[in-house]
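Numbering (our numbering), first residue to last: 617 to 921. Where a beta carbon is used, it is the ideal one built from N, C-alpha and C, also for glycine. None of the values given here were measured: they were computed from a predicted structure. Single-structure report; data block below.
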């Protein structure tokens with residue numbers, strides 16, 4: 617008899633075929649031993665209401681929505697999908713940098729409004745990023761992918777802040793380690809790529825944002841709560857630095873009335889760092905394989921701890 621699983625959101629054909637090969641899909645979480653969910657919020661109330669549950673397979677890398685203590689109490693394993701999305705998130709991060717630097721959304725809107733009658737006023741001119749100083753907060757797998765693109769492709773100098781030094785990456789990319797505040801004061805483009813933990817929540821606040829130079833760009837494709845969003849909004853309203861690119865927010869989703877949506881010096885995307893069909897398919901496949909590994913003891917799972 618096949619193990620039972622509940623799927624929160626429809627999967628692509630390839631991962632769904634793998635599901636059907638190994639599991640019986642049920643219509644209620646209360647009937648399920650496995651739960652495949654994108655960005656799941658798993659708390660004690662959910663676990664208590666679904667006593668058959670043995671594994672929650674998150675279709676994401678971040679698992680800040682998991683109450684790990686409660687999951688341990690109820691004997692439920694949590695898994696996630698690292699590695700497969702690293703390059704795709706790095707691509708979006710670079711895209712946000714370029715969109716902010718070259719004012720691409722503003723120019724698109726200006727052109728569509730019929731304003732292109734001749735030359736473009738220099739108020740719409742952007743800034744170069746090649747040969748500028750890149751600062752990255754959190755130099756993990758995704759961070760390295762970003763550094764590779766910007767150092768090799770745009771000849772940027774690399775500076776980083778991390779909880780531990782990476783001597784190998786310092787040699788490969790001629791990277792320089794700085795304190796958090798030194799990095800914000802030094803670099804032309806500053807990125808955050810840290811996971812959301814108790815230690816990183818609010819780690820970037822008014823103190824750091826006030827250190828950014830007037831021409832600097834700030835980009836966050838990590839987690840919204842890593843940044844003091846109120847301080848960021850105020851800094852952008854005051855035009856303390858050139859602009860920001862954000863894929864993540866303190867509370868998601870945000871509406872059109874959000875203060876960030878009223879600003880023309882920020883580019884916003886709706887948490888789509890991994891949102892390509894190929895990458896989302898790969899993430900779903902990994903989530904299914906994680907579920908197989910836990911429920912059928914076949915293969916290895918990426919278990920969160």
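Determine the burial state of residue i: buried for a count of at least 16 other Cβ atoms within 10 Å of its Cβ, exposed for fewer.
| i | result |
| --- | --- |
| residue 910 | buried |
| residue 624 | exposed |
| residue 836 | buried |
Helix, strand or coil, according to DSSP, for residue i in the structure here?
| i | result |
| --- | --- |
| residue 837 | coil |
| residue 762 | helix |
| residue 678 | coil |
| residue 720 | helix |
| residue 755 | coil |
| residue 879 | coil |
| residue 704 | helix |
| residue 749 | strand |
| residue 656 | coil |
Quick one: Cα of residue i to Cα of residue j, how far?
| i | j | result |
| --- | --- | --- |
| residue 732 | residue 724 | 10 Å |
| residue 636 | residue 861 | 40 Å |
| residue 694 | residue 714 | 36 Å |
| residue 868 | residue 655 | 12 Å |
| residue 658 | residue 904 | 18 Å |
| residue 730 | residue 721 | 15 Å |
| residue 762 | residue 707 | 7 Å |
| residue 855 | residue 880 | 10 Å |
| residue 663 | residue 877 | 37 Å |
| residue 626 | residue 812 | 27 Å |
| residue 712 | residue 885 | 9 Å |
| residue 845 | residue 874 | 11 Å |
| residue 801 | residue 839 | 22 Å |
| residue 834 | residue 795 | 17 Å |
| residue 920 | residue 653 | 15 Å |
| residue 678 | residue 863 | 14 Å |
| residue 782 | residue 642 | 46 Å |
| residue 647 | residue 684 | 22 Å |
| residue 915 | residue 634 | 14 Å |
| residue 689 | residue 660 | 9 Å |
| residue 771 | residue 747 | 5 Å |
| residue 758 | residue 857 | 25 Å |
| residue 737 | residue 726 | 11 Å |
Using C-beta distances below 6 Å, list every residue in its chain close to residue i, excluding the 5 sequence neighbours before and after it, in chain order.
| i | result |
| --- | --- |
| residue 924 | Given that the chain is displayed from residue 617 to residue 921, the structure contains no residue 924 and the question cannot be resolved. |
| residue 785 | 791 |
| residue 767 | 774 and 789 |
Between the beta-carbon of residue i and the beta-carbon of residue j, is there less than 7 Å?
| i | j | result |
| --- | --- | --- |
| residue 849 | residue 808 | no |
| residue 681 | residue 907 | no |
| residue 742 | residue 718 | yes |
| residue 755 | residue 776 | yes |
| residue 716 | residue 859 | yes |
| residue 797 | residue 827 | yes |
| residue 803 | residue 764 | no |
| residue 918 | residue 638 | no |
| residue 675 | residue 900 | yes |
To which residues of the same chain is residue i closer than 7 Å at the C-beta, ignoring the five residues directly before and after it?
| i | result |
| --- | --- |
| residue 895 | 700, 701 and 704 |
| residue 773 | 749 and 750 |
| residue 692 | 663, 669, 670, 671 and 672 |
Is it the case that the CB of residue i approaches a heavy atom of the ligand HEM more closely than 6 Å?
| i | result |
| --- | --- |
| residue 895 | Absence of the ligand HEM from the depicted structure is noted, as is the absence of any ligand whatsoever, leaving it without description. |
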